[in-house]
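In the numbering used here, the protein residues as written are -11 to 98.
Below you can see the structure in the form of structure tokens.
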């Protein structure tokens, strides 16, 4: 279901914009999630101290912190330089939230 929904959005985006616009949207939105993932390293290390670490991040906490800062910088500069594309990208993510919550609701009812 999610792949069909994503394919539907991809077709709409291909017909409504240029490749440059699509990559601008993708990069900004992707770095929001990349930065959140890197920030999650800090959260998990604080909440789950007793869990064995099968992989240690080199130079922790410097590398994840730099990546989070870089991600924030990239997102903020995109919003500042190309406000319209940034709002469109954030809007597309927001459109996916009701679908996400609806999918999770049906899983909890089973």
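Ideal Cβ positions, reconstructed from N, Cα and C, are used throughout, including at glycine. Here the structure is a predicted model, which means the values were calculated and not measured.
Decide if residue 54 is buried, meaning its Cβ has at least 16 other Cβ atoms within 10 Å, or exposed. When all chains shown are included, residue 54 counts as exposed.
I'd like to check one pair, residue 4 with residue 73: are the Cβ atoms closer than 8 Å? Using a Cβ distance threshold of 8 Å, residue 73 and residue 4 do not count as a contacting pair.
I believe residue 100 touches residue 2 by the beta-carbon criterion, under 8 Å. Please report the beta-carbon distance rounded to the nearest angstrom. Beyond the ends of the chain as shown, which are -11 and 98, falls residue 100; an answer cannot be given.
Beta-carbon within less than 7 Å of residue 87's beta-carbon, same chain only, minus the 5 sequence neighbours each way: which residues are those? Cβ contact annotation for residue 87 (same chain, cutoff 7 Å, sequence separation greater than five): -7, in chain order.
Suppose contacts are defined by Cβ-Cβ distances below 8 Å. Is residue 77 in contact with residue 13 by that definition? Between residue 77 and residue 13, the C-beta gap is smaller than 8 Å, which places the two residues in contact.
Tell me which residues share the same chain as residue 27 and place their Cβ nearer than 6 Å to its Cβ, disregarding the 5 neighbours each side in the sequence. For residue 27, the CB contacts under 6 Å within the same chain, skipping 5 residues up- and downstream, are 56 in chain order.
Beta carbon of residue 46 nearer than 8 Å to that of residue 30: No, the Cβ-Cβ distance between residue 46 and residue 30 is not below 8 Å.
Need the endpoints of the alpha helix (DSSP H) that residue 16 sits in, please. Unbroken alpha helix (DSSP H) run through residue 16: 7 to 35.
Suppose the cutoff is 8 Å on Cβ atoms and the five residues either side in sequence are ignored; what does the same chain contact list for residue 60 look like? So the list reads 23, once near-sequence residues are dropped.
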